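**Q** According to full-length UniProt numbering, the sequence shown holds residues 1 to 528 in order.
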Amino acid sequence: MGRTIKQKELACRFVANGKSLEGLIINDRAKQKLKGTGFDSLLLLSSQFNIPTNLLTAVVDAYNIERRCFRLGDTNIFFGLGDVLRIMAIPIDGRPIIETDEDPSELCKEYFGEDISINPDDRKGGITLKSLRKYCNDRKDHALEGQDLDCYIRALVLYLIGSFIIPTGSHIVAPVYLLFLKNIEEIGSYAWGAALLANLHRHLENHIKYRGFIYANVHFLTVFLLEHIPKVAYYILHPEERNGPPIEFPLMVGWNKKLKKSMKKQDRKSIEFFRNCFNELQEDDIEWKPYDRLPKDFLFGSYAIQLPLELAFTSLLCLERAILHDPGVSSGRQLFFSDKLFKLQLCDAHTKHDVGTKSKSRQGKKQTWAVVHGEFVNAWNDRWQNLYIDTNDAGEEKEIETAEPAAQWASACPADDMPEEAFTEPAAQGISFSLADDMPEKVFLGVVAREVRRSVGVTPRENLAARRQHSVPMGQTNEENADGQQIVELGAFSEVRRVRGRNHRQLPTPPQRMRTQGQPPTSQHNQK
């Protein structure tokens, strides 16, 4: 009688150009020019750890296309813009990376001075990472300046895009990205982090649908898992490296050091082992706020400014890809979003796009992708106006202020089930609120923020600029009404104060916007 041999499960194929920076000598002037763009953070990763293929094979099968998250056990684990910002330190805010129809040969000639694409006669021809590496190394000892330096930087950034942000199985990068590198000073003004995330989601989707290979930044995905599931980190890390998660900026740098040592020494666990681990996962096994351990100044400057976008309900764009970014699907966070109609419409648009919107083609008159799928572009453009409110923070005493458009100003609205007596329409000369006892603190702040913005017609960005330049005078509050509830009236400038046995909270209102024909918006102070 023959023996039954258990066939070993094959690991999924992941494409990761982890050692792509080894041997690449970077020009010092180029490093200086890239400082603060996010690409300087990628230059810190001269070589990356070997990816744990068994772990990743087990987790990618748990990807949920509809919710754009991992469904592990009975929990939804969402990975989004905030994770990319902290782990990779590349910009998650800015102009979108949108598909265009361009001739790669002409792009190379215009931005490199020569055509280095594979096949100049093929409009879909790409540029190999090998040729970009050669282009950079041939000029490493040159005293580059002016146009020569710009061409070198474009080649270097294109190499980083093809290695880390949007890698491919053929080690070829599309010349179309040169369009976003035209002005060297504006390289960091594009949402490269959103493009990385959109590309990762799309390849996870293709794996679920077609069992396709995953050409994406799986190093980021690995670190995300280790941050949020300590049990997995314990199994992956060598005992010498189990001394707590790193706090080095960006997080990828610290994790890279730990994992490069661990992946060489560890006893590899099987795919089945990790799959069982995920199936038995309980909500208590997940670290929902792993970044709370980080120092307050971990994100600084432009990085701190972008952080509120981790709560954005929007569309992630990367060339022809459009992916829904909905932090509200996470099991471990209680998030509130007011505009249910907008949410329903955008979810419906993405559902149609995901099941095959190629039928929505550019028929007849030639149209760009941005025109055909304008709802996704508009959703991204309005990202600061569509932020979730984290109700887990309700009642906590925190200063309500961010360096860039504040989430409280941008997204807050009253809840659908808010008692009618808790909210009244703005009066002609101000806004009145009767504060019901059962109104959540976060909802109160949301009502105030939304109605003040509507009353004075100011955008969050204009509010920020004015607050940086001018002190905002405070208004007055009326006496308490017969029910002991305080009525707050708000004019163009005022103070919001809630008194119901809690500590006072203050939320300054934005200055009134005055717009004239052909002039940009200005604050009242600037009119004096």
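Virtual Cβ for every residue (Gly too), placed ideally from N, Cα, C. Predicted, not measured: the structure shown is a model, and the values here were computed from it.
Applying the criterion that 16 or more other CB atoms from any shown protein chain within 10 Å of the CB defines a buried residue, is Lys442 buried or exposed?
**A** In this predicted model, Lys442 has a pLDDT of only 49, less than 50, meaning its place in the structure is not dependable enough to derive any value.
**Q** Between the alpha carbons of Arg13 and Tyr235, how many angstroms are there, rounded?
**A** Using only the alpha carbons, I get a separation of about 21 Å.
**Q** Pick from Asn256, Arg67 and Leu132: whose alpha carbon is nearest that of Ser41?
**A** Among Asn256, Arg67 and Leu132, the Cα nearest to that of Ser41 is on Asn256.
**Q** Between the Cα of Asn392 and those of Gly332, Arg71, Ser163 and Phe342, spot the shortest distance and give me the residue it belongs to.
**A** Nearest option by C-alpha distance: Gly332.
**Q** Tell me which same chain residues have a C-beta within less than 8 Å of the C-beta of Ala322, skipping the five on either side of it?
**A** Correct list, in chain order: Ala198, Ser315, Leu316, His350, His353, His373 and Phe376.
**Q** Report the three-state DSSP secondary structure of Tyr388 (helix, strand or coil).
**A** Three-state DSSP puts Tyr388 in coil, outside helix and strand.
**Q** Can you look up Gly315 in the DSSP assignment and give me helix, strand or coil?
**A** The amino acid occupying residue 315 in the given sequence is Ser; Gly does not appear at that position. Looking at Ser315 - three-state DSSP - the assignment turns out to be strand.
**Q** Report the residue from Asn50, Gly169, Cys151 and Leu81 whose alpha carbon sits nearest the alpha carbon of Asn27.
**A** Out of Asn50, Gly169, Cys151 and Leu81, Cys151 has the C-alpha closest to the C-alpha of Asn27.
**Q** From the DSSP output, in three-state form, read off His228 for me.
**A** Three-state result, His228: helix.
**Q** If you count every other CB in all the chains shown that lies within 10 Å of the CB of Phe164, and 16 or more means buried, which is it?
**A** It is buried - the Cβ of Phe164 has at least 16 other Cβ atoms within 10 Å.
**Q** Could you tell me the alpha carbon to alpha carbon distance between Ile153 and Gln32, rounded to whole angstroms?
**A** Rounded to whole angstroms, Ile153 to Gln32 spans 11 Å at the Cα level.
**Q** I believe Phe213 touches Ala58 by the beta-carbon criterion, under 8 Å. Please report the beta-carbon distance rounded to the nearest angstrom.
**A** Actually they are not in contact, since the Cβ atoms of Phe213 and Ala58 sit about 16 Å apart, beyond 8 Å.
**Q** Helix, strand or coil for His207, going by three-state DSSP, please let me know.
**A** DSSP places His207 in helix when its eight states are reduced to three.
**Q** I'd like to confirm the pairing. Which residues does DSSP put opposite His325 in its beta bridges?
**A** The partner list for His325 (beta bridge, DSSP) reads Thr314.
**Q** Please tell me whether Leu81 and Leu225 are closer than 9 Å, where the distance is taken between their beta carbons.
**A** No, Cβ-Cβ distance for Leu81 and Leu225 is not below 9 Å.
**Q** Who are the Cβ neighbours of Asn386 in its own chain at under 8 Å, not counting the five residues just before and after it?
**A** Hits under 8 Å: Ala312, Phe313, Thr314, Phe337, Asp339, Phe342, Ala379, Ala410 and Ser411.
**Q** Spatial neighbours of Asn76 within its chain, please: CB distance less than 8 Å, with the 5 preceding and 5 following residues excluded, ordered by chain position.
**A** Hits under 8 Å: Asn64, Arg67, Cys69, Phe70, Val329, Ser330 and Ser331.
**Q** In its own chain, which residues sit with a C-beta less than 6 Å from the C-beta of Leu21, not counting the 5 before and 5 after it?
**A** Excluding positions up to five away in sequence, the list reads Ser46.
**Q** Considering just the uninterrupted stretch of the beta strand (DSSP E) at Asn76, what are its terminal residues?
**A** Its beta strand (DSSP E) spans residues Thr75 to Ile77.
**Q** I'd like to confirm the pairing. Which residues does DSSP put opposite Val173 in its beta bridges?
**A** The partner list for Val173 (beta bridge, DSSP) reads Ile127.
**Q** Which residues bound the alpha helix (DSSP H) around Leu72?
**A** Looking at the DSSP string, Leu72 is not in any alpha helix (DSSP H); the run it does join, the beta strand (DSSP E), is Cys69 to Leu72.
**Q** Taking Lys156 as the reference, which of Tyr303, Arg29, Leu299 and Trp288 has the closest Cα?
**A** Note that residue 156 is Leu in the sequence shown, not Lys. Comparing Cα-Cα distances from Leu156 to each of Tyr303, Arg29, Leu299 and Trp288, the minimum goes to Arg29.
**Q** If you compare alpha carbons, which of Ile90, Asp390 and Ile25 is closest to Phe300?
**A** Ranking Ile90, Asp390 and Ile25 by Cα distance to Phe300 puts Ile90 first.
**Q** Roughly how many angstroms lie between the CA atoms of Ala233 and Phe220, to the nearest whole one?
**A** For Ala233 and Phe220, the distance between alpha carbons rounds to 14 Å.
**Q** Starting from the Cα of His238, find the closest Cα among Ser262, Asn137 and Ile51 and give me that residue.
**A** Checked all of Ser262, Asn137 and Ile51; the closest Cα to His238 is Ser262.
**Q** Determine the direct distance from the alpha carbon of Glu227 to that of Asp292, and round the result to whole angstroms.
**A** Between Asp292 and Glu227, the C-alpha separation is close to 11 Å.
**Q** Can you tell me where the alpha helix (DSSP H) holding His350 begins and where it ends?
**A** Per DSSP, His350 belongs to the alpha helix (DSSP H) from Lys340 to Asp354.
**Q** What's the C-alpha gap between Asp93 and Lys260?
**A** Each residue's Cα considered, the two are about 30 Å apart.
**Q** What separation, rounded to the nearest whole angstrom, lies between the Cα atoms of Leu319 and Asp61?
**A** Each residue's Cα considered, the two are about 25 Å apart.
**Q** DSSP three-state label for Arg95, please.
**A** Correct three-state label for Arg95: strand.
**Q** Can Tyr177 and Ile166 be called in contact, C-beta distance under 9 Å?
**A** Yes. Within cutoff.
**Q** Is it buried or exposed for Ala191, if we count other Cβ within 10 angstroms and need 16 for buried?
**A** With 16 or more other Cβ atoms within 10 Å, it is buried.
**Q** Measure from the alpha carbon of Ile87 to the alpha carbon of each residue in Val173, Asn217 and Ala370, then state which is nearest.
**A** Ranking Val173, Asn217 and Ala370 by Cα distance to Ile87 puts Asn217 first.
**Q** Verify whether the separation of the beta carbon atoms of Val173 and Ile98 is less than 9 Å.
**A** Not closer than 9 Å, so no.
**Q** Relative to the C-alpha of Thr222, which residue among Lys35, Asp138, Pro52 and Leu43 is closest?
**A** Measuring from the Cα of Thr222, the nearest candidate turns out to be Pro52.
**Q** Between which two residues does the alpha helix (DSSP H) harbouring Thr53 extend?
**A** Looking at the DSSP string, the run of the alpha helix (DSSP H) that includes Thr53 is Thr53 to Val60.
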